[in-house]
Structure formats: structure tokens, C-alpha cells
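Enquirer: Per my numbering: the sequence shown = residues 2 to 336.
Even glycine gets a Cβ: it sits at the ideal position worked out from N, Cα and C.
Attaching a single structure in C-alpha cells format; questions to follow.
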Amino acid sequence: MKNLKKSLTQKILIGISAITLTFGFAGCGEDVHPMDPPSTSVSWTEMLDGQEVTNKVDKVPERAISMSQATTEMMLALGLENKMVGTAMKEEDIYPPLQESYDKVKVLSDKWPSYETFMAEKPDFATGWEVPFTKRGIPAERITSQNIPIFIPSSMQKTDADLNTVFEDMMKYGEIFGVTEDAKIWVDAQKSILESVQDKIKDLPKKKIFVYDSSDGQPFTAFKGYTTNILKLIGAENVMENAGVEKTWAATSWESVVAADPEYIIIADYSNGVRNDEDFQQKVATIKDNPQLQNVTAVRENHFVKVKLSEITPGVRTVESLKRLAEEIHGVKID
């Protein structure tokens, strides 16, 4: 693999020009950095369809399939596109720094492939969120019975996941694919960026925020878990964290939002296309038109912040997104 250290960091940090970390472009050198095979078998335990299953690899997988966009981006961030024979379930635009790598991997399905399509690629490793490996996708047992290990990142399963959980997942990918050094480079780079953000805002007051995903009469929002935990890293306190709901995401009431009086409302935008924010604008209009919310601080001061769901759920986009959110919520410029 050519100049892997530079290539890896470039893919993730190319869009973060304000951060004082400069890395070379992929493929600009001639050095060869081969992947290091694991010295011993790598094993892990998963709960698959309610069953505890031990998975392992005895050598670096060569024909991996990712069944979720987030895990696809995690693998691509480590330069593993040449170890992938398929991706599936692209839910939004690919993270721009990874688009070129993504284009090198075969797309098996817009959603999840059939068992026949999956097996036709002769995979030796599968990864994704838990759902693709249930009856909604391909039941895990049909895959593991063919001696194909499944890895579901802990950050996508644990209800108390945080950014460190993602870092641990990336190190696990590194261990499985023999690229632990590159995984560590990625993790260390992300930590450096976050430290620079936190140093800039450390003396600023915390902000009360409400996360708005959608509404079917009542707003669907984040309570516990990853989204709430990462926002704390930039001094943004989720007003629903202590609402007595022991779930990561669930519905609440507009009355609860009024009582909590958030200073900012973070809105998940599901618009297609990088420059399209129609969904965000519609949600802002819905909130502004709700007479119950007229005296909420965020509404009165027009404090609405747009995010993609992938930016506040487990994956490789978190730190860059936290930098942008910190700038918007705290009104500062972070170099």
C-alpha cells in the first residue's frame, strides 16, 4: 500500500483546513507500506440474533463485505478498500474525503443484498450494524454457518457508547486487518483535533441543546448514549438526558421541550445532496410555526443547527462535526 500513513490521514482530515494538522495526499509517494498480518488469531464475541457467538480470523480478511454505510466509512478510513468486495446500505452521501476510495468498491445493493448476492462474492468477513444480520437483512446464522465471521462495532451496540468506544472499534478493525499502526495514527489525529477544539472553548459557558430528528405528532429525539455523550465534549448539554427515559432515541413531548427551554436546537437533515437542505428548512419552519414553542430560547433567537445523522451517531465523522458544532453553538472560530 503506497504511503499509507499519508493516505490514511489525508482521507479523514482533507476537509478540516482550519485545524493545524497537515498531511500529504494519497498516492503522492512511492514507498510501499505492506499490511502486517496478525501474529495470532484475532477473536471477539458478538450477540447475533440473541445468541452469543465467538468469531475469529486466522489471517487478514481479503474479501470483506460491509452491510452499513458507517462501517464502510470506518474501513475506508483505514485504507481497506482493497480488502473489500462489497458494500451495501448507503443512506446518505459518502463522507467526501472517502468518496474516491468508496468508488473502488462494488455496491451490492441500495439496501441489503440477498443471501445469494452476498455469497456470490465469496466473502471471508462481514461487518455492519446489527440489523443487517437479522431477518430484515440476512440472518447471522446463515453467514456464520459458512465460517464467515461477523464484526459489529461496540459503538453501534452499547447504550452508553462514547467517542472512546469508536476509537476502540477502529483499533479492533486495525487488529483484524493487520493495520494497527494506521488505526492508531487515525485515532491520535482525531484526539489532537478534539483537544484543539476543547482548548478553544474551555472557558466558555455550557449550552443547553435539544436534538430534533423528526416528528409524528411528538418530537423524536436523543436521550442517552452516543449522541448525548459526544455533545458533552463540546460543552453542549442535552436537555433530555435526565428526562427519565432510559433509551438512546425515543419520542418526547413538545411540552417537555418548552419546560427544558434549550438554547440551541440541533436538527438532523435528511436531504439528498450536499447542497440541499430542504428537509432541514422544513423542520425549522415546523418548529417556528408551532405556537407552543414561541417562547423557547432557541426558537426566539433562531438558533437552529443542521447536522447529518451520521455526524452525531457512531462513525468516522464525529470529531470534524464536533468542531463545526462547537463553532456554531459557541460563536467562535476554531483554527
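(1) Based on Cα-Cα distance, which residue from F211, G87, S215, E328 lies nearest to T228?
(2) Within the same chain, show all residues whose beta-carbon is closer than 8 Å to that of K207, passing over the 5 residues directly before and after it, in chain order.
(3) Pick helix, strand or coil for I313, following the three-state DSSP scheme.
(4) Leaving out five residues before and five after K307 in sequence, what residues of the same chain have Cβ atoms less than 7 Å from its Cβ?
(5) For P124 versus I66, is the C-beta distance shorter than 8 Å?
(6) How many angstroms separate the CA atom of Q70 from the CA atom of I313?
(7) Count the other CB atoms, across all protein chains shown, that sit within 10 Å of the CB of Q191; report buried if there are 16 or more and exposed otherwise.
(8) For the alpha helix (DSSP H) containing M85, list its first residue and its last residue.
(9) Would you give the residue range spanned by the alpha helix (DSSP H) that E47 belongs to?
(10) Report the start-end ranges of each beta strand (DSSP E) in the stretch 230-265 that is 3 residues or longer and not cut off at the edges.
(11) Assuming I210 is part of the beta strand (DSSP E), what are its boundary residues?
(12) If we ignore side chains and look at the alpha-carbon of each, how far apart do D104 and E196 end up?
(13) Expressed to the nearest angstrom, what Euclidean distance is found between the alpha-carbon atoms of D262 and A299?
(14) Put K284 into one of helix, strand or coil per three-state DSSP.
(15) Leaving out five residues before and five after K107 in sequence, what residues of the same chain have Cβ atoms less than 6 Å from its Cβ?
(16) With 16 other CB atoms within 10 Å as the buried threshold, where does V43 fall?
(17) Could you say if the stretch 128-136 and the stretch 147-154 meet the contact criterion of at least three C-beta pairs nearer than 8 Å?
Expert: Taking the coordinates as given:
(1) In the sequence shown, the residue the question calls residue 228 occupies position 227. Residue nearest to T228 within the set F211, G87, S215, E328 is F211 (criterion: CA-CA distance).
(2) The residue given as residue 207 occupies position 206 in the sequence shown. For K207, where only same-chain residues beyond five positions count, the Cβ hits under 8 Å are G236, A237, E238.
(3) Position 312 of the sequence shown, counted from the start, is the residue given in the question as residue 313. DSSP places I313 in coil when its eight states are reduced to three.
(4) Against the sequence shown, residue 307 aligns to sequence position 306. Excluding residues up to 5 positions away in sequence, I268, D270, D278, F281 lie with their Cβ nearer than 7 Å to the Cβ of K307 in the same chain.
(5) The residue given as residue 124 occupies position 123 in the sequence shown. The residue given as residue 66 occupies position 65 in the sequence shown. Taking 8 Å as the cut-off, the beta carbon of P124 is found closer than this to the beta carbon of I66.
(6) Position 69 of the sequence shown, counted from the start, is the residue given in the question as residue 70. Position 312 of the sequence shown, counted from the start, is the residue given in the question as residue 313. Going by the C-alpha atoms only, they are around 14 Å apart.
(7) Position 190 of the sequence shown holds residue 191. Q191 is buried by the Cβ-count criterion.
(8) As a first step, residue 85 is located in the sequence shown; it is residue number 84 there, counting from the start. Bounds of any alpha helix (DSSP H) do not take in M85; it lies within the beta strand (DSSP E) bounded by 85-89.
(9) Counted from its first residue, the sequence shown places residue 47 at position 46. Counting along the chain, E47 falls outside any alpha helix (DSSP H), though it belongs to the beta strand (DSSP E) covering 43-49.
(10) 237-239, 250-252
(11) Working through the sequence shown from its first residue, we reach residue 210 at position 209. Taken as a continuous stretch (DSSP letters only), the beta strand (DSSP E) holding I210 covers 208-213.
(12) In the sequence shown, residue 104 corresponds to position 103, counting from 1. In the sequence shown, residue 196 corresponds to position 195, counting from 1. Computed Cα separation, rounded: 32 Å.
(13) Position 261 of the sequence shown, counted from the first residue, corresponds to residue 262. Position 298 of the sequence shown, counted from the first residue, corresponds to residue 299. Going from the Cα of D262 to the Cα of A299 covers about 8 Å.
(14) Taking the first residue of the sequence shown as position 1, residue 284 is located at position 283. K284: helix per DSSP, three-state reduction.
(15) Position 106 of the sequence shown, counted from the first residue, corresponds to residue 107. The answer, listed in chain order, is G87.
(16) Within the sequence shown, numbered from 1, the residue matching residue 43 stands at position 42. V43 is buried by the Cβ-count criterion.
(17) yes
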